[in-house]
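Protein chains in written order, with this note's numbering: chain A, 1334 to 1448; chain B, 16 to 210.
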Amino acid sequence: MPMTGDDHDDRALDVFFEAARHSPPAPTDALLARVMADAASMQAAAESPMPRRTAMPRLRDLVGGWPAMAGLATAALAGLWIGTGLPARVTGVDDASYLVDITPEMAFDLAAGED
Amino acid sequence: MPFDAIEDLPDEALLARFADGEQAAARVLTHRLTPRVMAHAWRLLGNRAEAEDVAQEAMLRLWKQAHAWREGEAKVTTWLYRVVANLCIDRQRRARGGTVTLDTIPEPADGRASVVQTMHERARADALQAALNALPARQREAVVLRHIEGLSNIYIAEIMDISVEAVESLTSRGKRALATALRQRKEELGYADDW
């Protein structure tokens, strides 16, 4: 089979591609050193611990600073006072018994199916 | 692990070890990947200084990506070829055109060939690089990956995120343009025998 123009070009180009493969542009030692330095700094950054913060500054920032912290403390104290200062029994035990006693008859009638 | 043993590990495993802080993994990856990254950047840009900057930037991005890298998702080299191509395109957009001057021609990595043979090869490689520089970016990338890096069309399609048919079209058009450009210079550059 006769060689076409494209075949001829391909063969001619192969010589050039081969030449390019044989003379790859090698990295300089300086470039390799820079790449290694970047790698070392990235590893060092990944290993260094994050700066530690105690719980109080984080809570203060979370609620919105000192004014919000003062409001939060006031609300907490008010809640404590209400919880401990009010009378122990708002409703008496007798009232509670009355409320319980008033319904059993009706419940019995319904259960028995009587008028 | 001894240095010889770690050198046999695939890129992805080495990157995981790098993320765990293993310095030997960084050393092996640097010496394995930087030459490939550098060579690819130089062939896409035609300028050594710029190619070195791109190579360093691409490797830095790899280091940054190491902790988020998930094995099995992509090959490190595929990812690097994409990063290099994108960095080169960004640079070419900022400064149109790359020219090959004497100080941008890379030193050959292999010193075993004879002086005359080396000169012939250098002349051909330089002429090819000058012709490559004149190609549209995507054609140049496809031709370099296929005919100099020696990758398969399927792999190139994955790197360039296009179909295999599109890769074949790009390389075919690129080669025709290269043949035309090199044929015009065959007398001037003294490689008339090649055509």
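Glycine included, each C-beta is placed from N, C-alpha and C at the ideal position.
The structure displayed is predicted, hence computed values, not measured ones.
Looking only at its chain, what residues have a beta carbon closer than 7 Å to the beta carbon of B/Leu166, apart from the 5 residues adjacent to it on each side? Apart from sequence neighbours up to five positions away, the residues of its chain that approach B/Leu166 with a beta-carbon distance below 7 Å are Leu160, ordered along the chain.
Closest Cα partner of B/Arg60 within the set B/Gln107, B/Phe33, B/Met74, B/Ile171: The sequence shown places Leu at residue 60 of chain B, rather than the Arg named in the question. Measuring from the Cα of B/Leu60, the nearest candidate turns out to be B/Gln107.
Tell me whether the beta-carbon of A/Leu1346 lies closer than 8 Å to the beta-carbon of B/Ala194. Yes. Within cutoff.
Put A/Ala1377 into one of helix, strand or coil per three-state DSSP. Note: A/Ala1377 maps to helix in three-state DSSP.
Counting only Cβ pairs nearer than 7 Å, list the residues of chain A close to B/Arg139. Within chain A, the C-beta atoms nearer than 7 Å to that of B/Arg139 come from Val1348, Phe1349, Ala1352, in chain order.
Quick one: any contact between the region 78-88 of chain B and the region 49-57 of chain B, if contact means 3 or more CB pairs under 8 Å? With the cut-off at 8 Å, the region 78-88 of chain B and the region 49-57 of chain B do not touch.
Just the chain B side, please: which residues come within less than 7 Å of A/Leu1410 by C-beta, in chain order? For A/Leu1410, no chain B residue has a Cβ inside 7 Å of its Cβ, as the nearest lies near 46 Å away.
Taking its Cβ as the centre, do 16 or more other Cβ atoms sit within 10 Å of B/Lys79, making it buried, or is it exposed? So B/Lys79 counts as exposed.
How many angstroms separate the CA atom of B/Arg58 from the CA atom of B/Met74? Going from the Cα of B/Arg58 to the Cα of B/Met74 covers about 17 Å.
Check this for me: beta carbons of B/Arg76 and B/Ile174, under 8 Å apart or not? Not in contact: B/Arg76 and B/Ile174 (Cβ atoms no closer than 8 Å).
Identify the contact partners of A/Ser1381 in chain B, using a Cβ-Cβ distance below 8 Å as the criterion. Within chain B, no residue comes near A/Ser1381; the closest Cβ sits about 11 Å away, beyond 8 Å.
Put B/Arg58 into one of helix, strand or coil per three-state DSSP. Three-state result, B/Arg58: helix.
Taking Cβ-Cβ distances shorter than 9 Å, what residues in chain A pair up with B/Lys190? Scanning chain A for C-beta atoms nearer than 9 Å to the C-beta of B/Lys190 yields Asp1339, Asp1342, Asp1343, Leu1346, reported in chain order.
Rounded C-alpha distance that separates B/Ala39 from A/Ser1381: Each residue's alpha carbon lies about 19 Å from the other.
Determine the contact status of B/Ile163 and A/Ala1353, defining contact as a CB-CB distance below 8 Å. Their beta carbons are under 8 Å apart, which means B/Ile163 touches A/Ala1353 by this criterion.
What is the rounded straight-line gap between the Cα of A/Trp1414 and the Cα of A/Ala1401? The alpha-carbon of A/Trp1414 is positioned some 20 Å away from that of A/Ala1401.
Would B/Ala83 count as contacting chain A if we go by Cβ distances under 8 Å? Taking 8 Å as the threshold, the shortest C-beta distance from B/Ala83 to chain A does not fall below it.
Counting only C-beta atoms, is A/Asp1450 closer than 8 Å to chain B at any point? A query on residue 1450 of chain A cannot be resolved here, the shown segment of chain A reaching from 1334 to 1448 and no further.
With a cut-off of 8 Å, does the C-beta of A/Leu1365 fall near any C-beta of chain B? Yes, its Cβ sits closer than 8 Å to a Cβ of chain B.
What do you get for B/Glu65, buried or exposed, if any count of 16 or more other CB atoms within 10 angstroms of its CB means buried? Per the 10 Å Cβ criterion, buried.
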